[in-house]
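The structure under discussion appears below in the form of structure tokens.
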Amino acid sequence: MYFCQSINRYNRMKSNFYTYYLIILTIILFTGCNIEDVSENAARLRIKLTDATSLTLKELHVDINEISVFATDSTNIEGEWITLDYSGGEYNLLTLLNGKTVQLVDQYFPSYKKIEKIKIILGNNNRIVTITDAPVPLQLSPEIIDGVVIENINADLATNVISSIIIDINAALSIREINGNWFLRPSARAFPETYGASIKGYVAPIEANPYVAIIQETDTFFTFPDPDGMFYFFGLNEGAWDIYLIANPESNYRDTVFTDTLSYGQKLELTPRPIRLVFDAP
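Numbering follows full-length UniProt numbering, with no gaps: position 171 of the sequence shown is 171.
Shown next as structure tokens:
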């Protein structure tokens, strides 16, 4: 039953992927945290941006105005919002793939805190650029005008230890079109950098113009490989993952589908290297 459901989901996914705009983007928030002031008891706070792909777009710019965290500690269990030292910026997320990052914030931060929520306030200059070089503005959905709040992070910050929090925004679920207008409403998760397992592999030939998808129950993640065929996923739950190497239908290469099981924290490197897609002569 599970196999049949997986195959049906794969067929729908492949059809939809080559019919609609599909974008994957990830924001990584690296929090080197331990500090009440700039002293030996302080922590370092770093924020980086990473990992975005698109099949039909050339650029996807996200305008970030402000980043803040909701922190608690033993003396303030109710918690408070703390605005980070960040001056804002626009980022073309499609230049960031498979672990590449750009740093957003690097600051000291009070130690012995627990970060439970993160809020990102977006500006008004979010946009996509299509393969025809035509920029298309992205409007903000009304429900996120006051910010995008990501909950259930539970990242403990210890003195003199660099902690990292990763914010993962799945743009395949974050951009929608209504009556000719495009809207941005980020669908995001967040977790400590040390959480979870990872999958790394290589696919060939690049002429197949493949993309890679992994699925576990309701979780689906996508990426396009680097020019050398490398693809990378991280922050993954343990258990079985279906891995799809899907060729562009016009390339005449055959898709490959298999399953691998991850243990907690495992860094899985797929073999053979590369995994070669089979050519079907037209």
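Think of the CB as a built atom: it goes at the ideal place given N, C-alpha and C, for glycine as much as any other residue.
Distance, residue j Cα to residue i Cα
| i | j | result |
| --- | --- | --- |
| glutamine 266 | aspartate 73 | 31 Å |
| leucine 270 | glycine 79 | 43 Å |
| lysine 58 | alanine 134 | 10 Å |
| threonine 259 | isoleucine 166 | 25 Å |
| glutamate 238 | glycine 201 | 18 Å |
| glutamine 107 | threonine 83 | 11 Å |
| isoleucine 246 | isoleucine 206 | 12 Å |
| serine 174 | isoleucine 144 | 12 Å |
| glycine 89 | serine 164 | 21 Å |
| phenylalanine 109 | glutamine 216 | 35 Å |
| tyrosine 232 | asparagine 248 | 19 Å |
| threonine 194 | arginine 176 | 32 Å |
| isoleucine 67 | isoleucine 153 | 15 Å |
| asparagine 179 | glycine 99 | 35 Å |
| arginine 44 | glutamate 250 | Any reading at arginine 44 needs caution, since the residue's pLDDT is 49, under 50, leaving its predicted position unreliable; the model's value is listed next. If I take the Cα positions, the gap works out to 49 Å. |
| asparagine 65 | serine 87 | 7 Å |
| proline 142 | methionine 230 | 38 Å |
| leucine 93 | leucine 122 | 14 Å |
| isoleucine 77 | alanine 155 | 14 Å |
| proline 272 | leucine 157 | 39 Å |
| tyrosine 21 | threonine 159 | With a pLDDT of 34 at tyrosine 21, under the threshold of 50, the modelled position of this residue cannot be trusted, and the question is left open. |
| leucine 25 | glycine 235 | At leucine 25 the pLDDT is 42, less than 50, meaning the model places this residue with poor confidence; the figure from the coordinates comes in the next sentence. Roughly 14 Å separates the two Cα atoms. |
| threonine 132 | tryptophan 81 | 42 Å |
Three-state secondary structure assigned by DSSP to residue i
| i | result |
| --- | --- |
| glutamate 250 | helix |
| residue 283 | No answer is possible for residue 283: it lies beyond the span of the chain, which begins at 1 and ends at 282. |
| glutamate 238 | coil |
| tyrosine 264 | coil |
| threonine 95 | helix |
| glutamate 66 | strand |
| isoleucine 206 | helix |
| glutamate 143 | helix |
| lysine 100 | coil |
| lysine 119 | strand |
| valine 278 | coil |
| lysine 200 | strand |
| aspartate 219 | strand |
| glutamate 90 | strand |
| isoleucine 178 | strand |
| aspartate 156 | strand |
| alanine 71 | strand |
Beta-carbon gap between residue i and residue j smaller than 9 Å
| i | j | result |
| --- | --- | --- |
| aspartate 242 | isoleucine 214 | yes |
| proline 274 | alanine 204 | yes |
| phenylalanine 183 | leucine 140 | yes |
| asparagine 124 | valine 62 | no |
| valine 105 | tyrosine 91 | no |
| isoleucine 128 | leucine 138 | yes |
| tyrosine 244 | phenylalanine 224 | no |
| valine 161 | isoleucine 120 | no |
Whole-Å CB distance - residue i paired with residue j, under 8 Å assumed
| i | j | result |
| --- | --- | --- |
| aspartate 168 | arginine 185 | Not confirmed; about 15 Å, so no contact. |
| serine 263 | alanine 197 | 7 Å |
| aspartate 226 | leucine 96 | Going by Cβ atoms, the distance from aspartate 226 to leucine 96 rounds to 11 Å, so no, they are not a contact pair. |
| alanine 240 | threonine 220 | 14 Å between Cβ atoms; not a contact. |
Original post:
Does the stretch 244 to 257 come within contact of the stretch 269 to 280, defined as at least 3 CB pairs closer than 8 Å?
Top reply: yes
message = Count Cβ pairs between the stretch 63 to 73 and the stretch 111 to 118 that sit closer than 8 Å; are there 3 or more?
response = Taking a cut-off of 8 Å for Cβ pairs, the stretch 63 to 73 and the stretch 111 to 118 touch, as three or more such pairs fall below it.
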